[in-house]
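Number of protein chains: 2
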Amino acid sequence: MPVTLRDIAQETGYSVTTVSRALNDYDDVSPKTRRTICETAERLGYHPNITAQHLQRQRTDTLGFIIPTTGPRFSDPFFTEFLAGIGNEASAQGYDLLVSTHSAGPGELDVYRRFVRGKRVDGLLVVRTRRHDSRISYLLEQHFPFVAFGRTECNGNFPFVDEDGRAGIARATQHLIDHGHRRIAFIAADQDLMFGHERLRGYTDTMRENNLPVDDGLIVEGDLSQRSGRRAARRLLDLPETPTAIMASNDLMALGAMATVQAHGFEVGKDVAVTGFDDIPLAEHSHPPLTTVRQPIYRIGEMVCQVLVDLIRGGPLKRRHVILEPTLIVRQSSAPAASSATISVG
Amino acid sequence: MPVTLRDIAQETGYSVTTVSRALNDYDDVSPKTRRTICETAERLGYHPNITAQHLQRQRTDTLGFIIPTTGPRFSDPFFTEFLAGIGNEASAQGYDLLVSTHSAGPGELDVYRRFVRGKRVDGLLVVRTRRHDSRISYLLEQHFPFVAFGRTECNGNFPFVDEDGRAGIARATQHLIDHGHRRIAFIAADQDLMFGHERLRGYTDTMRENNLPVDDGLIVEGDLSQRSGRRAARRLLDLPETPTAIMASNDLMALGAMATVQAHGFEVGKDVAVTGFDDIPLAEHSHPPLTTVRQPIYRIGEMVCQVLVDLIRGGPLKRRHVILEPTLIVRQSSAPAASSATISVG
DNA sequence: ATTATAATCTAAAACGTTTCGGTTGTCAAC
DNA sequence: GTTGACAACCGAAACGTTTTAGATTATAAT
Numbered sequence: 004m005p006v007t008l009r010d011i012a013q014e015t016g017y018s019v020t021t022v023s024r025a026l027n028d029y030d031d032v033s034p035k036t037r038r039t040i041c042e043t044a045e046r047l048g049y050h051p052n053i054t055a056q057h058l059q060r061q062r063t064d065t066l067g068f069i070i071p072t073t074g075p076r077f078s079d080p081f082f083t084e085f086l087a088g089i090g091n092e093a094s095a096q097g098y099d100l101l102v103s104t105h106s107a108g109p110g111e112l113d114v115y116r117r118f119v120r121g122k123r124v125d126g127l128l129v130v131r132t133r134r135h136d137s138r139i140s141y142l143l144e145q146h147f148p149f150v151a152f153g154r155t156e157c158n159g160n161f162p163f164v165d166e167d168g169r170a171g172i173a174r175a176t177q178h179l180i181d182h183g184h185r186r187i188a189f190i191a192a193d194q195d196l197m198f199g200h201e202r203l204r205g206y207t208d209t210m211r212e213n214n215l216p217v218d219d220g221l222i223v224e225g226d227l228s229q230r231s232g233r234r235a236a237r238r239l240l241d242l243p244e245t246p247t248a249i250m251a252s253n254d255l256m257a258l259g260a261m262a263t264v265q266a267h268g269f270e271v272g273k274d275v276a277v278t279g280f281d282d283i284p285l286a287e288h289s290h291p292p293l294t295t296v297r298q299p300i301y302r303i304g305e306m307v308c309q310v311l312v313d314l315i316r317g318g319p320l321k322r323r324h325v326i327l328e329p330t331l332i333v334r335q336s337s338a339p340a341a342s343s344a345t346i347s348v349g
Numbered sequence: 004m005p006v007t008l009r010d011i012a013q014e015t016g017y018s019v020t021t022v023s024r025a026l027n028d029y030d031d032v033s034p035k036t037r038r039t040i041c042e043t044a045e046r047l048g049y050h051p052n053i054t055a056q057h058l059q060r061q062r063t064d065t066l067g068f069i070i071p072t073t074g075p076r077f078s079d080p081f082f083t084e085f086l087a088g089i090g091n092e093a094s095a096q097g098y099d100l101l102v103s104t105h106s107a108g109p110g111e112l113d114v115y116r117r118f119v120r121g122k123r124v125d126g127l128l129v130v131r132t133r134r135h136d137s138r139i140s141y142l143l144e145q146h147f148p149f150v151a152f153g154r155t156e157c158n159g160n161f162p163f164v165d166e167d168g169r170a171g172i173a174r175a176t177q178h179l180i181d182h183g184h185r186r187i188a189f190i191a192a193d194q195d196l197m198f199g200h201e202r203l204r205g206y207t208d209t210m211r212e213n214n215l216p217v218d219d220g221l222i223v224e225g226d227l228s229q230r231s232g233r234r235a236a237r238r239l240l241d242l243p244e245t246p247t248a249i250m251a252s253n254d255l256m257a258l259g260a261m262a263t264v265q266a267h268g269f270e271v272g273k274d275v276a277v278t279g280f281d282d283i284p285l286a287e288h289s290h291p292p293l294t295t296v297r298q299p300i301y302r303i304g305e306m307v308c309q310v311l312v313d314l315i316r317g318g319p320l321k322r323r324h325v326i327l328e329p330t331l332i333v334r335q336s337s338a339p340a341a342s343s344a345t346i347s348v349g
């Protein structure tokens, strides 16, 4: 049923070789022959079998992306935007995107192994790096092309794009301190996650620099979901001495925290300040709009993808390591009662 | 460098055929031989070349999913959750997922063509069906296996999963009417989208059934983003006679509308009721929590994927058409001031 | 000793491309 | 009328599997 090179060869009387060469713009085919062949291909509705090309060319023109899901009902707007970034860049570069989902943990490496050893993809994108990341160790050891969004602690020398989360949170913390906050709580993320660790450091460092105590009771860990943000905020507001500001390690938890604060009858941005991290589109449209640290997620997706393609194509990498400076976006959730405009500080 | 069947054959002295058969659990291989071969495979670190398997087996064990993005900075939590559903189900069934992103419009069909004609995937998932959907016409005409989330108007007989959006919106509308609302506005979605059309119908039908006027001035179209929800609500609140309730075709627009209502100094759920559709995780955590029509997005992703796999495997389809009854989730954004608990009506 | 039967194993073709290393024919140059 | 250069074309191998259709050997039945 499907039309192959052979069919075209039969139809035109040329050999399979010539047909292939004609269609691939080789220059040892006469113009007339080429025309005949192209027309016949068109007429028969020929499309090359992509799998056969892959096998022959020994590459798949496909990038792999394994989304580290958390729990079954997983939904993080971060990933949609990131995916849009890499998806668009990949297709602009002529690559397909093979996506798999797997929670961090035992089976995860098997998926990587299958992709790598089976030559299923030409390169991999790794996100949510962990301080000691077995995925990265594995890929380095296999000399398999990959680019990470985020660094690790035991830095092997691999290409990555990252934002300076510590500086971002530091800026947000300082912003709160400058506005007179002293009891500032922090909803941390999993400390195995590199960014979770960095963001917490940004908070503790800045507190210390300002000679403020770092109170362990004011640091609660969440799992990045709104629900956990709510729960964390509940614990913080039940404290004998409640904080006047709550910082969260990501926007989703910040939104959860805001809901709790409001449920307790406080006004966000006046009684209690709340800040997030990421600047997902929702942040701008929450009520009140959320003060947060922006990282250009879509753009990062594009960049990571582009570095990976360069790496695969063997071109010299302009930039093996990209570190982005995040921007503090001040909105009403942390504004002093008077002001109400959106101000960008960065 | 990579280990092939040949290498194992050489190492063990058996033929490639036997090696292949041993590793694939054929029963005409003696236990001893099998053991030798498996051990050697293990020792050499053999992994089958997946591309070669694809070519030989004439199938790719891969499903295709082309995300219809809107605009460059695309971010819709709906898709993360949906993707998690199909991603998990696909890997449970032994399938990979090839994802591409493309906005609805000219180039879109080319992506479908490439996947189909190049035999890049064994089947396709289609979402955001349009009333006249060229993707579906194309796939039907090519007799290519696919399953849609959503129906079309000119119903070819293809397998789909859908929710009864009309009934869902009808239920929400009735809920508002029962609570005394008369001037109910509706933020519609693109009327080319099948679900956009259906949901609007649910609203107009119910208004008429209750002998309420359908006022065109109270129907505004948005593009499914929060931003457009805000804009739409702004127009509605600028009307000489403002509505007492605003229904949105999806949660994102509802959240946007809520922000506008609040910015105008109204209290959502008391002065103006707001309702959405989808029940994305955010809906529960907004302030106030959003009354909405729930569709089990993750579950739908699983179902669509499962039907597709059944279809590809040629098994008899238990259910070619699945229509889910959506559930109205009443939360504070529409509750009469008194009540405040979450009630499920459905 | 012959034949049937079962148990193991294998050569070769196939999947649809790309590409290496040619061959053939024409024409100009010497 | 040989030589070389060049244009146009093609056969066959290769990519790494799976599968078909036997081949070989051992075992049991006559």
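From first to last, the protein sequence lines stand for chains A and B.
Residues in the first sequence are numbered from 4 upward in steps of one, following my numbering.
Residues in the second sequence are numbered from 4 upward in steps of one, following my numbering.
Note that beta-carbon positions come from the ideal geometry of N, C-alpha and C, so glycine has one too.
Quick caveat: nothing in here was measured; it's all calculated off a predicted structure.
Span of the beta strand (DSSP E), counted from its first residue to its last, around residue i
i: H105/B; result: D99 to S106
Euclidean distance between Cα positions of residue i and residue j
i: S289/A; j: G97/B; result: 40 Å
i: T39/A; j: G259/B; result: 58 Å
i: T36/A; j: D30/A; result: 11 Å
i: H135/B; j: N253/A; result: 41 Å
i: E42/A; j: I300/B; result: 46 Å
i: A341/B; j: A175/B; result: Residue placement at A341/B cannot be trusted, given a pLDDT of 41 that sits under 50; the coordinates are not used to answer.
i: S33/B; j: T21/B; result: 10 Å
i: E305/B; j: V296/B; result: 20 Å
i: T209/B; j: D193/B; result: 20 Å
i: E287/A; j: T278/A; result: 12 Å
i: G108/B; j: T72/B; result: 10 Å
i: R154/A; j: D79/A; result: 21 Å
i: V124/B; j: G159/A; result: 36 Å
i: E212/A; j: I180/A; result: 11 Å
i: E84/A; j: N52/A; result: 31 Å
i: I249/B; j: A188/B; result: 5 Å
i: M261/B; j: L127/A; result: 40 Å
i: A170/A; j: L320/A; result: 26 Å
i: F68/B; j: Q265/A; result: 40 Å
i: S140/A; j: R230/A; result: 33 Å
i: A44/B; j: I11/B; result: 6 Å
i: Q13/A; j: T7/A; result: 10 Å
Assumed close pair residue i, residue j - CB separation to whole angstroms, cut-off 8 Å
i: T247/B; j: R186/B; result: 5 Å
i: L314/A; j: V150/A; result: 7 Å
i: V164/B; j: F152/B; result: 6 Å
i: R302/B; j: T263/B; result: R302/B to T263/B, Cβ: 32 Å. No contact.
i: R323/A; j: P162/A; result: 4 Å
i: S103/A; j: G90/B; result: 6 Å
i: F82/B; j: I70/B; result: 6 Å
Short CB-CB distance (under 9 Å) between residue i and chain A
i: S347/B; result: Residue confidence for S347/B is low, a pLDDT of 47 falling below 50, so the modelled location carries little weight; the figure read from the coordinates is stated next. No - not a single Cβ of chain A is within 9 Å of the one on S347/B.
i: S137/B; result: no
i: I332/B; result: no
i: I315/B; result: no
Cβ pair residue i, residue j closer than 9 Å
i: G225/A; j: M256/A; result: yes
i: L101/B; j: T65/B; result: yes
i: E144/B; j: C308/B; result: no
i: I329/A; j: G168/A; result: In the sequence as displayed, the identity of residue 329/A is Pro instead of Ile. For P329/A and G168/A, yes; Cβs fall inside 9 Å.
i: A251/A; j: G232/A; result: yes
i: A191/B; j: V223/B; result: yes
i: G285/B; j: R334/B; result: One point to set straight first is that residue 285/B is Leu, not Gly, in the sequence displayed. Not in contact: L285/B and R334/B (Cβ atoms no closer than 9 Å).
i: T54/A; j: T54/B; result: yes
Start-to-end residues for the alpha helix (DSSP H) that takes in residue i
i: A262/B; result: D254 to A266
i: G372/A; result: Because chain A is modelled from 4 through 349, residue 372/A falls outside the range shown and cannot be assessed.
i: P71/A; result: That residue, P71/A, is in no alpha helix (DSSP H); its beta strand (DSSP E) goes T65 to T72.
i: D165/A; result: Segment F163 to E166 is the beta strand (DSSP E) holding D165/A; no alpha helix (DSSP H) there.
i: F280/A; result: No alpha helix (DSSP H) holds F280/A; the beta strand (DSSP E) holding it covers A276 to D281.
Chain B contact for residue i (CB, 9 Å cutoff)
i: M261/A; result: yes
i: K122/A; result: yes
i: A107/A; result: no
i: T65/A; result: yes
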